[in-house]
Amino acid sequence: MEQLNAIITKIDDFVWGPVMLILLVGTGIFLTIRTRFLTWRNLGYALKSTLSKEARTKSRGEGDVSPFSALTTALAATIGTGNIVGVATAMVSGEPGALVWMWISAAFGLTSKFSECMLAIKYREVNEKGEMSGGPMYTMKKGIKNKTLGSALAWLFALFAVIASFGIGNMTQGNSISGALHATFHIPTWITGIVITVLALLIIVGGIKSISKVSSVVVPVMAIFYVICGLIVIVGNIANLPSGLAMIFKMAFSVEAVGGGLCGSIVASMMNAMRYGVARGVFSNEAGMGSAAITAAAATTDNPVRQGYINMTGTFWDTIVVCTITGLAIASSGVLGMTDSAGEFLTGSDITIAAFKTVLGTSGGWLVTIGITLFAFSTILGWEYHGEKAFEYLLGTHKYNMFYRVLFSLVVYIGCTQTLNLVWSFSDIANALMAIPNLICMLILSKEVAQAIKAFQPEIDNRHTEKRSEQNTYVQDVK
Numbered sequence: 002m003e004q005l006n007a008i009i010t011k012i013d014d015f016v017w018g019p020v021m022l023i024l025l026v027g028t029g030i031f032l033t034i035r036t037r038f039l040t041w042r043n044l045g046y047a048l049k050s051t052l053s054k055e056a057r058t059k060s061r062g063e064g065d066v067s068p069f070s071a072l073t074t075a076l077a078a079t080i081g082t083g084n085i086v087g088v089a090t091a092m093v094s095g096e097p098g099a100l101v102w103m104w105i106s107a108a109f110g111l112t113s114k115f116s117e118c119m120l121a122i123k124y125r126e127v128n129e130k131g132e133m134s135g136g137p138m139y140t141m142k143k144g145i146k147n148k149t150l151g152s153a154l155a156w157l158f159a160l161f162a163v164i165a166s167f168g169i170g171n172m173t174q175g176n177s178i179s180g181a182l183h184a185t186f187h188i189p190t191w192i193t194g195i196v197i198t199v200l201a202l203l204i205i206v207g208g209i210k211s212i213s214k215v216s217s218v219v220v221p222v223m224a225i226f227y228v229i230c231g232l233i234v235i236v237g238n239i240a241n242l243p244s245g246l247a248m249i250f251k252m253a254f255s256v257e258a259v260g261g262g263l264c265g266s267i268v269a270s271m272m273n274a275m276r277y278g279v280a281r282g283v284f285s286n287e288a289g290m291g292s293a294a295i296t297a298a299a300a301t302t303d304n305p306v307r308q309g310y311i312n313m314t315g316t317f318w319d320t321i322v323v324c325t326i327t328g329l330a331i332a333s334s335g336v337l338g339m340t341d342s343a344g345e346f347l348t349g350s351d352i353t354i355a356a357f358k359t360v361l362g363t364s365g366g367w368l369v370t371i372g373i374t375l376f377a378f379s380t381i382l383g384w385e386y387h388g389e390k391a392f393e394y395l396l397g398t399h400k401y402n403m404f405y406r407v408l409f410s411l412v413v414y415i416g417c418t419q420t421l422n423l424v425w426s427f428s429d430i431a432n433a434l435m436a437i438p439n440l441i442c443m444l445i446l447s448k449e450v451a452q453a454i455k456a457f458q459p460e461i462d463n464r465h466t467e468k469r470s471e472q473n474t475y476v477q478d479v480k
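The sequence shown runs 2 to 480 under the numbering used here.
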């Protein structure tokens with residue numbers, strides 16, 4: 002087992018090395034430039050669309066769930082332990098500067114998320130049951146002109162998505178829930194395993210409509226709850242915030258020689274912060290992985306670009322809002338570098354709990370534990386749908402979806418009750434292997450993305466013109 006663990010760790014380090022980071026961030030940069038920064042320029046429009054009443058209804062076009070429900074189901078899968086555990090791990094392993102690289106990767110990840118979701122809606126299909134089936138595998142199969150290449154990439158993506166669904170989307174989440182509840186409330190892991198398995202089964206068996214109903218309530222509530230608690234911690238440590246921010250930015254672009262040649266240490270220090278920042282950022286918001294596109298394909302919409310903008314905001318809410326709250330709470334509380342009773346440096350959820358305790362006392366630990374539980378459980382629900390649709394694609398039929406739903410729910414118990422160091426590393430590898438075919442597909446179809454977003458722009462411009470006209474009319478009436 003030790004040898005296997007060492008091999009898996011080496012593979013994990015390799016797939017999340019410089020090549021993967023360049024491919025992930027590079028694709029986002031390329032797409033952002035090719036779309037003339039419209040995803041950045043229209044972020045305000047996207048956020049307003051997400052929060053509009055129209056997004057909560059199925060009034061435009063065809064689909065299984067409302068645009069808002071499609072987003073919250075995708076967010077259910079992305080807002081998870083990465084926002085609490087992942088941020089803390091990145092700031093310890095890659096130093097506080099990793100948070101800056103999370104922001105940078107998220108900024109360009111907006112366009113990656115927009116592109117994969119827009120293409121998934123454009124190339125989605127209706128299965129024999131009358132449900133929408135879509136995602137990068139359908140985009141690859143139908144959108145790439147070289148059908149041999151498209152089919153091969155589609156099959157690989159679907160395979161890695163199924164593997165990832167049991168790792169990142171299931172066992173690692175269950176493990177986080179049971180570990181947190183046992184550490185804080187001393188609840189036996191087997192009891193947590195039974196409860197989480199039963200709850201997951203009750204919701205998952207109902208399919209996307211059942212999952213989206215729960216997600217559209219749980220996701221906004223849990224995110225707002227966590228953000229408010231995090232802001233209380235930041236305000237409580239407000240005197241330390243300026244120095245905390247200075248430390249974050251200084252270490253993101255560190256130019257101090259730690260040893261050896263100056264040039265080499267600059268690269269090593271920056272690459273460490275970059276590696277952990279980008280890797281944990283992607284683990285959290287999943288931009289470029291293609292998973293959110295599977296859920297986006299279920300949305301009711303009359304234009305792929307419109308829903309692409311709505312789903313794009315998932316990266317903003319996940320990383321720019323929730324991850325930032327965790328990062329600033331840790332940086333302002335002075336807990337980085339603290340050790341436990343055994344003399345080991347605090348990391349993961351322990352360091353986030355320590356940060357919350359500086360202001361909220363013992364209840365801070367409870368709040369983080371509740372946050373981990375809600376975040377991780379919602380991730381299980383969202384990822385089930387991702388894995389189910391990939392499973393459906395591999396088998397070419399929806400007839401075995403119920404088998405997958407039951408199996409997925411039962412595997413949660415294993416995650417809750419077993420030690421999963423190996424699974425964490427394996428999940429990281431599956432993430433990378435999912436992202437590679439998806440990124441290649443987006444690069445091949447980047448011209449389509451640019452054309453589609455340009456064609457939709459007049460509708461946004463007209464909306465702005467109409468609003469200004471209404472405001473001017475109102476002012477004249479007042480005068």
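Ideal Cβ positions, reconstructed from N, Cα and C, are used throughout, including at glycine.
Here the structure is a predicted model, which is why all the values come from computation and not from measurement.
By the criterion of a C-beta distance shorter than 7 Å, GLN458 is surrounded in its chain by LEU39, once the five residues flanking it on both sides are discounted. Counting along the chain, the unbroken alpha helix (DSSP H) around ALA297 starts and ends at 292–297. For TRP17, no alpha helix (DSSP H) run applies, since DSSP gives it neither H nor E. When the five nearest sequence neighbours on each side are left out, no beta carbon in the same chain lies closer than 6 Å to the beta carbon of LYS214. Beta-bridge pairing by DSSP links THR316 to no other residue. Distance from THR51 to THR112 at the Cβ level is roughly 17 Å; contact not present, criterion being Cβ atoms closer than 8 Å. Between the segment 402–422 and the segment 115–124 there are fewer than three inter-stretch CB-CB distances shorter than 8 Å, so the stretches are not counted as touching. Apart from the 5 residues on each side of it in sequence, ILE454 sits with its Cβ closer than 7 Å to the Cβ of THR36, LEU39 and VAL306 in its chain, given in chain order.
The Cβ neighbour count for PRO137, taken over all protein chains shown within 10 Å, is at least 16; the residue is labelled buried.
Annotation: the continuous alpha helix (DSSP H) that includes HIS387 extends over 363–396. In the DSSP assignment, ALA240 falls outside any alpha helix (DSSP H), carrying neither H nor E.
For secondary structure counted as the alpha helix (DSSP H) over 4 or more consecutive residues, the segment 38–125 holds these complete runs in sequence order: 39–42, 44–52, 68–79, 86–94 and 99–123.
For the 9 Å CB-CB criterion, ALA240 and MET92 do not form a contact. The beta carbons of TYR227 and VAL323 sit closer together than 9 Å.
In this structure the segment 201–212 lies against the segment 379–394, because at least three pairs of beta carbons, one per stretch, are closer than 8 Å. Residue burial annotation: ARG281 is buried, with at least 16 other C-beta atoms found within 10 angstroms of its C-beta. For GLN419, no alpha helix (DSSP H) segment is defined, and its DSSP state is neither H nor E.
Exposure of ALA7 is indicated by the presence of fewer than 16 other C-beta atoms within 10 angstroms of its C-beta. Contact between PHE357 and GLY366 holds, since their C-beta atoms are separated by about 7 Å, short of 8 Å. Beta-bridge analysis with DSSP links ALA300 to VAL66. Per the DSSP secondary-structure output, PHE346 pairs in a beta bridge with THR340.
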